[in-house]
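Numbering (this note's numbering), first residue to last: 558 to 873.
Here a beta-carbon is modelled for each residue, glycine too, at the ideal position from N, C-alpha and C.
Notes follow once the structure below has been shown.
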Ligand code: UDP
Ligand code: MG
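The following block contains the structure:
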């Protein structure tokens with residue numbers, strides 16, 4: 558099996574976007590882990606930082622870190638391609654028998670890794686997820702995340718676990734499976750459950766960012782959610798058909814009622830309000846339908862172009 562031929566034991570994959578303030582501290586933690594658990598099974602470990610087109614001194618910090626330690630490699634993109642692209646680049650480069658992916662901002666506590674390694678080396682699981690509890694999050698943020706999560710999981714065809722993100726330790730076969738999904742509109746939260754395998758969750762207390770601020774805005778979250786919904790189900794298209802059928806049925810009832818009223822009722826020249834309401838309602842419905850169809854077409858368009866997921870400007 559391919560996994561057994563891996564020379565490196567543990568690979569760390571860290572996507573970084575404007576994280577100059579966080580990398581040194583994170584790297585110190587990682588080195589400690591490399592020394593403790595990178596050695597079993599022979600081969601030691603490696604660290605792959607992916608600089609996702611940072612505008613601050615991230616690349617400089619990575620060069621320095623790589624100069625000082627031969628176990629460190631980095632990939633630097635020509636511009637910001639997004640976390641999904643950064644994770645993909647890291648996973649493609651990782652050579653370990655086990656691969657752990659974590660954020661650069663210390664929100665994925667590296668201290669969880671020994672416990673995760675213990676679980677995965679039992680051989681029972683292909684992936685161990687460190688799942689964060691939402692305790693301590695600001696109320697509005699929790700509410701928003703819950704709404705996005707509920708909406709997305711209702712509309713996609715895969716089973717997502719709330720709070721299970723990208724902080725996970727994976728076997729080489731698991732990583733290989735992820736890499737087989739070559740879509741441009743990547744949505745990892747859907748890819749993980751789609752590939753299957755045996756997964757175990759361990760929980761950790763929520764921690765705030767060490768430094769800097771989150772790159773997620775409400776707009777970005779909405780886009781990400783839409784990406785997932787469209788990428789992992791065609792339910793939205795069925796929804797349009799359902800809306801169409803429902804409005805068609807309503808219109809038939811309305812026709813019958815109006816004709817009966819015309820024949821038997823005493824109708825003057827009223828009905829202006831009804832007509833305006835109907836026009837506005839159906840124009841809205843039609844635009845919504847075109848919009849949703851357009852979203853699918855947009856995704857097809859970007860898939861068909863088959864542009865690379867990212868462009869590397871410098872790597873080591
Ligand atoms: N990140 C990235 N590219 C981006 C945005 C974020 O590589 O375009 C990285 C970021 O440096 C961090 C991780 O993805 O290591 C998570 O980002 P962030 O902390 O902003 O997200 P949050 O923790 O708020 O979900
Ligand atoms: Mg974060």
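Residue i: CB within 7 angstroms of a non-hydrogen atom of the ligand UDP
i	result
residue 667	no
residue 725	no
residue 654	no
residue 630	no
residue 704	no
residue 697	no
residue 640	yes
residue 581	no
residue 572	yes
residue 609	yes
residue 643	yes
Pick from the options that is closest to residue i, judged by C-alpha positions
i	options	result
residue 760	737, 745, 721, 750	721
residue 656	604, 620, 664	604
residue 796	723, 618, 711, 860	711
residue 771	718, 709, 664, 849	664
residue 778	622, 681, 699, 577	699
residue 701	832, 828, 775, 625	775
residue 831	697, 815, 704	815
residue 585	837, 629, 613, 575	629
residue 750	705, 849, 724, 718	718
residue 591	613, 626, 574	626
residue 708	725, 614, 787	787
residue 731	677, 704, 780	677
residue 781	852, 758, 827	852
residue 850	818, 783, 829	783
residue 681	758, 704, 696	758
According to DSSP, residues forming a beta bridge with residue i
i	result
residue 658	570, 725
residue 565	653
residue 608	573, 633
residue 761	689
residue 684	727, 756
residue 869	634
residue 603	568
Rounded distance between the beta-carbons of residue j and residue i, thought under 8 angstroms
i	j	result
residue 785	residue 747	5 angstroms
residue 764	residue 666	6 angstroms
residue 714	residue 789	6 angstroms
residue 867	residue 646	6 angstroms
residue 846	residue 800	7 angstroms
residue 727	residue 683	7 angstroms
residue 621	residue 686	Not a contact, Cβ separation roughly 32 angstroms.
residue 602	residue 565	6 angstroms
residue 642	residue 769	About 20 angstroms; that fails the 8 angstroms criterion.
residue 634	residue 870	6 angstroms
residue 762	residue 679	Contact doesn't hold; Cβ gap of about 24 angstroms is too wide.
residue 619	residue 580	7 angstroms
residue 654	residue 729	6 angstroms
residue 794	residue 724	Incorrect: roughly 33 angstroms between the Cβ atoms, too far for contact.
residue 575	residue 624	Actually they do not touch by this definition, with Cβ atoms about 21 angstroms apart.
Check: residue i C-beta below 7 angstroms from any heavy atom of the ligand MG
i	result
residue 662	yes
residue 870	no
residue 771	yes
residue 636	no
residue 766	yes
heavy atom of the ligand FMN below 7 angstroms from residue i C-beta
i	result
residue 576	Judged by which ligands are present, the ligand FMN is missing from the structure shown, whose ligands are the ligand UDP and the ligand MG.
With three or more beta-carbon pairs closer than 8 angstroms as the criterion, would you say the region 660–672 touches the region 743–757?
Output reads no: the region 743–757 does not touch the region 660–672.
Is it a yes or a no for the region 854–865 touching the region 798–815, going by three-plus beta-carbon pairs under 8 angstroms?
Verdict: no, contact absent.
Counting beta carbon pairs with one atom in the region 808–820 and one in the region 724–742, are three or more of them shorter than 8 angstroms?
With the cut-off at 8 angstroms, the region 724–742 and the region 808–820 do not touch.
When you compare the region 570–579 with the region 641–659, are there three or more beta-carbon pairs, one atom per stretch, that lie closer than 8 angstroms?
Contact between the region 570–579 and the region 641–659 is present, because at least three Cβ pairs lie under 8 angstroms.
Between the region 608–618 and the region 628–644, can you find at least three pairs of beta-carbon atoms closer than 8 angstroms?
The region 628–644, when compared against the region 608–618, does touch it at the 8 angstroms Cβ threshold.
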